[in-house]
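There are 2 protein chains.
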Amino acid sequence: MVTLAEVARQAGVSPSTVSYVLSRKRSISDETRRKVEAAIEALGYHPHAGARALASNRSNILALMIPLRSDMYVPVIMEIAMAVTTEAREFGQDVLLLTKDEGTQGVRRIAGSGLADAMILMDIELEDDRIPVLRETETPAVLIGLPAESAGLACVDLDFEATGAACVEHLASLGHRDIALIGEGEGVYQRKTGFAARTLSGFQKAAAELGVRAVHRSCEGTYESTAGVLSRIMEERPHTTGFVVQNEAAIAPLLSLLRLSGRAVPEDTSVVAICPDQVALQASPRLTSVSIPADEMGRRAVRLAMAQLDPTDGPREPITLIPPTLSVRESSAPGPAA
Amino acid sequence: MVTLAEVARQAGVSPSTVSYVLSRKRSISDETRRKVEAAIEALGYHPHAGARALASNRSNILALMIPLRSDMYVPVIMEIAMAVTTEAREFGQDVLLLTKDEGTQGVRRIAGSGLADAMILMDIELEDDRIPVLRETETPAVLIGLPAESAGLACVDLDFEATGAACVEHLASLGHRDIALIGEGEGVYQRKTGFAARTLSGFQKAAAELGVRAVHRSCEGTYESTAGVLSRIMEERPHTTGFVVQNEAAIAPLLSLLRLSGRAVPEDTSVVAICPDQVALQASPRLTSVSIPADEMGRRAVRLAMAQLDPTDGPREPITLIPPTLSVRESSAPGPAA
DNA sequence: ATGAAAGCGCTAACAC
DNA sequence: GTGTTAGCGCTTTCAT
Numbered sequence: 001m002v003t004l005a006e007v008a009r010q011a012g013v014s015p016s017t018v019s020y021v022l023s024r025k026r027s028i029s030d031e032t033r034r035k036v037e038a039a040i041e042a043l044g045y046h047p048h049a050g051a052r053a054l055a056s057n058r059s060n061i062l063a064l065m066i067p068l069r070s071d072m073y074v075p076v077i078m079e080i081a082m083a084v085t086t087e088a089r090e091f092g093q094d095v096l097l098l099t100k101d102e103g104t105q106g107v108r109r110i111a112g113s114g115l116a117d118a119m120i121l122m123d124i125e126l127e128d129d130r131i132p133v134l135r136e137t138e139t140p141a142v143l144i145g146l147p148a149e150s151a152g153l154a155c156v157d158l159d160f161e162a163t164g165a166a167c168v169e170h171l172a173s174l175g176h177r178d179i180a181l182i183g184e185g186e187g188v189y190q191r192k193t194g195f196a197a198r199t200l201s202g203f204q205k206a207a208a209e210l211g212v213r214a215v216h217r218s219c220e221g222t223y224e225s226t227a228g229v230l231s232r233i234m235e236e237r238p239h240t241t242g243f244v245v246q247n248e249a250a251i252a253p254l255l256s257l258l259r260l261s262g263r264a265v266p267e268d269t270s271v272v273a274i275c276p277d278q279v280a281l282q283a284s285p286r287l288t289s290v291s292i293p294a295d296e297m298g299r300r301a302v303r304l305a306m307a308q309l310d311p312t313d314g315p316r317e318p319i320t321l322i323p324p325t326l327s328v329r330e331s332s333a334p335g336p337a338a
Numbered sequence: 001m002v003t004l005a006e007v008a009r010q011a012g013v014s015p016s017t018v019s020y021v022l023s024r025k026r027s028i029s030d031e032t033r034r035k036v037e038a039a040i041e042a043l044g045y046h047p048h049a050g051a052r053a054l055a056s057n058r059s060n061i062l063a064l065m066i067p068l069r070s071d072m073y074v075p076v077i078m079e080i081a082m083a084v085t086t087e088a089r090e091f092g093q094d095v096l097l098l099t100k101d102e103g104t105q106g107v108r109r110i111a112g113s114g115l116a117d118a119m120i121l122m123d124i125e126l127e128d129d130r131i132p133v134l135r136e137t138e139t140p141a142v143l144i145g146l147p148a149e150s151a152g153l154a155c156v157d158l159d160f161e162a163t164g165a166a167c168v169e170h171l172a173s174l175g176h177r178d179i180a181l182i183g184e185g186e187g188v189y190q191r192k193t194g195f196a197a198r199t200l201s202g203f204q205k206a207a208a209e210l211g212v213r214a215v216h217r218s219c220e221g222t223y224e225s226t227a228g229v230l231s232r233i234m235e236e237r238p239h240t241t242g243f244v245v246q247n248e249a250a251i252a253p254l255l256s257l258l259r260l261s262g263r264a265v266p267e268d269t270s271v272v273a274i275c276p277d278q279v280a281l282q283a284s285p286r287l288t289s290v291s292i293p294a295d296e297m298g299r300r301a302v303r304l305a306m307a308q309l310d311p312t313d314g315p316r317e318p319i320t321l322i323p324p325t326l327s328v329r330e331s332s333a334p335g336p337a338a
C-alpha cells in the first residue's frame, strides 16, 4: 500500500506538504506542487479512506436509505439513487446504500460510527420514526419526501398538490367535464406516505374550483385491478372522458383496456399520467404527463446535504418543493364540447 | 462521540478488553463481558468506522458497481442491489454504491484507498476493461455476469444457455413446431454483454435438436418496435404459435398486440417470458416464465466475496451458473396437433 | 483472562 | 511556503 509518507519521500518534501497539496488548504509553490503530483502519479497513490476519516472526522460518505421493496415505482427509486451517487461524486463523496428496514437502528449505527457524514432518506412517512432519531443524534440529513412535522429538517419533494391540480387544469382547459384519478394502491394511502394524499387533495380542490366532476379510485396496478377500477368508474360516471393516472403500474393496463373497449386515446378519452418521462415516452400513444423529477430530487438532496456540512452556515431553506412540469404529448386532446 | 476508551473506563477494564469483547478474538470471562456490554449499552457506543478500518485494515464495506442507465431491466438491477445490501449486513458489511461510468478509475480508486474490502461488479461485458485492473490490483472481486476470460475470477450468473434451451423444450413438449425468440435490443447484442447471445445460442441449439423451426428477432421493447417485430415474424412464419420473450419491456406490448390481433393466449399462442417472477405474475394472463433469480445472484455474490476475504482459503469455485427454473403458468398450452 | 503500549495513515495545529 | 509533531480511535502484539 502506498502511503502519504512514501509520496513525501519520493517528492522530497514533508508529509504535511503532501497533505496540503491534496487538500488545497494552504498555498503551495508551483514547483512543490508539481513534484508532489508527479510522485503521486508515479506511485499510484490513493489516500487511505479510513485514516483520512479518523484524522479529519469526515468520511466523505453520504448514506442513502431506500425502501427495500416498495409500493413506489422502482425505476424512480433507482433514478434517484443514481442521481444521488453521480452528484455525490461531484463533491468527492461516495454513497453508502442502506435499506429502510434497518430503520432507526440503522440511523443510530451510521450516526454513531461516523461511517457517513450525512444521510439522505427516502420513502418518508408522515410520522416517520427515523426522524426523532435524526434530531436526537443531530445527524445532518435530507429527506426525500415530506413528513408531518418537518421543522428543522431539510426536505425535497415534488409539489404533488400542485401536480394534482395541474392535471385537472390541463384536462379542464381541454373541455373535459368528467374526470377520474386512478391513484395508488390502498396500501400507499394507509402507510401515509403523504404524496398520494397530497396529489388527491390538489386534484379535488382544482376540480371543485373549475367546476369539474371528479372521482378518485385507488388501484393496485395489476391488469385485473385496473380493469375493475375502470369498469366501476365507467358505470358510475359514464361520461368520464379524462383520466389522471398516478400509479405507474396501471398505465399499461389502462391503455390496453381503453383500446380493447374501443375508446380511442386521445380522440375519445384523454389520459394524463404522473410518471417518469421515460415511461410517458415509451407508451403508445406517448403520454401527456407530469414528470417525476427523480434526477433533480436526487441532486438537490445531495446539495442540501453538502450545504449542511459546509462551514458557510447559510440559513437552511426548510422545504424544497419542486414545481410540477406538465408536458403535453399525444394522449390528451379536446374533450366533448360543453 | 463515545469512544472505546470511555467504554473501558465505565466498565472498569482496559481498552483492549473492550476491543476483544467486540471482536470475540479472545475468551472473556462472563462477568467482564457483562460489564462491558452494559457500558456499551449505557453509553450508546458504536465503534468508529474509520479508526477501525485504519487499525484493522478492513473497512467492512463492499463496493457494488452497477450500470448507470442500463439496457437491462431496472427492477432486476434494483433487486440485485437490495439482495447484496441485505446479505452484506448478515456479514456485518455495508455496501458502497458505485456507478459503472466511473469505470477503471473507480476500480483503482476503491482498490487504492482501502474504502472497500471487495468489489461486486454488474453489467459485465465480454471484454470488460475493469477486469485487467481487478487482476492487477489484486482486489477481491465477484462478477455478476460472465466475461470472455474469467480465469481466476469469481463469477455468478444465470445459466442463460440452459435458459434458452428450457424455453424451447417447454414449447416443443407442448407440441409447438414454429417458435420465435423476441430478444433484447440491438445494442445489447453489440455491447457484447454475453447473456443475450448465450440465451440465443441455447435457444437455437435446442430448437435444432428438437426439430423445431425457430426464428430470432431483436426488439427494442417499445410498443412500436414490438409491433414491427411481431408483424414481421407473422409474415415470415405465419404458423408461429410459440413466443419466447427475453426483453421484459416487450412483454406488455406483445400481450396487448396479441390480444388486439385476436390471438388468444394461451389458446392460440403460447408465450414464455424470461423475467423476474414479479413481472410474470402481474401480467394477464400470468406468464409461464424462467425467472431471473436476482435475489439469489446478489446473495451468492456477497458470499463469494466474503469467502475471498476469509482466511479459510478454500479453493474458490470459479464460476457459479445458476440453473434456470421454468414455472408453468397460464400463458402456455398445447400447440397445434402435429 | 486481562493489561500496556505500539502503531495504522492521515490532518491540522504550531513552529519557522 | 514548508517542516515537525501530536493526536484521531481502534487493533493487536507482547507481557503477565
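Listed in order, the protein sequences are those of chains A and B.
So for the first sequence, the UniProt record's numbering puts the first residue at 1; every next one is plus one.
So for the second sequence, the UniProt record's numbering puts the first residue at 1; every next one is plus one.
Ideal Cβ placement from N, Cα and C applies to all residues, glycine included.
Going by beta-carbon coordinates alone, are B:Leu333 and B:Ser270 separated by less than 8 angstroms?
It should be pointed out that residue 333 of chain B corresponds to Ala in this sequence rather than to Leu. A contact, by the Cβ cut-off of 8 angstroms.
Since A:Thr226 contacts A:Leu257 with CB under 8 angstroms, what's their CB separation in whole angstroms?
Taking 8 angstroms as the upper bound for CB-CB distance, A:Thr226 and A:Leu257 are in contact here, some 6 angstroms apart.
Closer than 7 angstroms at the beta carbon, the chain A residues around B:Ser113
Going along chain A in sequence order, the residues near B:Ser113 (Cβ under 7 angstroms) are His46, Pro47, His48 and Ala49.
Could you run through the segment 272-302 of chain A and flag, in chain order, every residue whose CB is less than 8 angstroms away from some CB of chain B?
From the segment 272-302 of chain A, only Gln282, Ala283 and Ser284 have a Cβ closer than 8 angstroms to chain B.
Per the DSSP calculation, B:Ser270 is bridged to which residue(s)?
DSSP output for B:Ser270 lists B:Gly242 as bridge partner(s).
For B:Met78 versus B:Leu121, is the C-beta spacing smaller than 8 angstroms?
Not in contact: B:Met78 and B:Leu121 (Cβ atoms no closer than 8 angstroms).
Tell me whether A:Ala214 sits in a helix, a strand or coil according to DSSP, three-state version.
Here A:Ala214 sits in strand by DSSP.
Which complete alpha helix (DSSP H) runs does the segment 33-115 of chain B hold, if anything under 4 residues is left out?
With a minimum length of 4 residues, the unbroken runs of alpha helix (DSSP H) contained wholly in the segment 33-115 of chain B fall at 49-56, 74-90 and 103-113.
Considering only the alpha carbon of each residue, which of A:Lys100, A:Leu230 and A:Ala49 lies closest to A:Ala250?
Nearest C-alpha to A:Ala250 among A:Lys100, A:Leu230 and A:Ala49: A:Leu230.
Skipping 5 residues on each side, what residues in its chain have a beta carbon closer than 8 angstroms to that of B:Glu186?
For B:Glu186, where only same-chain residues beyond five positions count, the Cβ hits under 8 angstroms are Ser218 and Glu220.
Closest to A:Gly336 by CA distance: which of A:Pro67, A:Asp101, A:Leu4 and A:Ile179 is it?
Here residue 336 of chain A is Pro; the residue named in the question, Gly, does not match the sequence. Answer by Cα proximity: A:Ile179.
Taking the beta carbon of B:Gln246 as the centre, do at least 16 other beta carbons fall within 10 Å, making it buried, or is it exposed?
Its Cβ being crowded by 16 or more others within 10 Å, B:Gln246 is buried.
Using a Cβ-Cβ cut-off of 8 angstroms, state whether A:Ala252 counts as contacting chain B.
Cβ-Cβ to chain B under 8 angstroms: yes for A:Ala252.
Tell me which residue opens and which closes the alpha helix (DSSP H) that B:Asp157 is part of.
That residue, B:Asp157, is in no alpha helix (DSSP H); its beta strand (DSSP E) goes Ala154 to Leu158.
Taking the runs of the beta strand (DSSP E) that are 3 residues or longer, which of them lie wholly in the segment 129-195 of chain A?
As for any beta strand (DSSP E) of minimum length 3 sitting wholly inside the segment 129-195 of chain A, the runs are 141-144, 154-158 and 178-183, ordered along the chain.
Is there contact between the segment 169-177 of chain B and the segment 127-145 of chain B, where contact requires at least three CB pairs shorter than 8 angstroms?
Flag = no, the segment 169-177 of chain B and the segment 127-145 of chain B do not touch.
Residue span of the alpha helix (DSSP H) that contains A:Val279, given as start and end:
Segment Asp277 to Gln282, the alpha helix (DSSP H) holding A:Val279.
If you draw a straight line from the C-alpha of B:Leu153 to the C-alpha of B:Leu321, how long is it?
Straight-line Cα distance between these residues: approximately 13 angstroms.
So with CB distances below 8 angstroms, who are the chain A contacts of B:Arg259?
The answer, in chain order, is Ser256 and Leu260.
Mind checking B:Gln282: buried by the 16 CB within 10 Å criterion, or exposed?
Looking at its Cβ environment, which holds 16 or more other Cβ atoms inside 10 Å, B:Gln282 is buried.
CB contact check: A:Thr86 to chain B, cutoff 8 angstroms
Yes, because at least one Cβ of chain B sits closer than 8 angstroms to the Cβ of A:Thr86.
Which partner residues of A:Met306 appear in the DSSP bridge assignment?
Residue pairing of A:Met306 in beta bridges, as defined by DSSP: absent, with no partner found.
Quick check on the DSSP output: the beta strand (DSSP E) that includes B:Met119 runs from which residue to which?
First-last of the beta strand (DSSP E) with B:Met119: Ala118 to Leu121.
Buried or exposed, going by whether 16 or more other CB atoms sit within 10 Å of the CB of B:Thr288?
Buried, since its Cβ has 16 or more Cβ neighbours within 10 Å.
In the segment 1-13 of chain A, which residues sit with their C-beta less than 8 angstroms from some C-beta in chain B, listed in chain order?
If the cut-off is 8 angstroms between Cβ atoms, the segment 1-13 of chain A has Met1 and Val2 near chain B.
Rounded C-alpha distance that separates B:Val212 from B:Pro285
Taking the straight line from one Cα to the other gives about 25 angstroms.
List the whole-angstrom C-beta distance separating A:Leu181 from A:Ile292, where the pair is believed to meet the contact cut-off of C-beta under 8 angstroms.
Contact check for A:Leu181 and A:Ile292: beta-carbon distance about 16 angstroms, past the 8 angstroms limit, so the pair fails to qualify.
In this structure, how does DSSP classify B:Thr288 when only helix, strand and coil are distinguished?
Three-state result, B:Thr288: strand.
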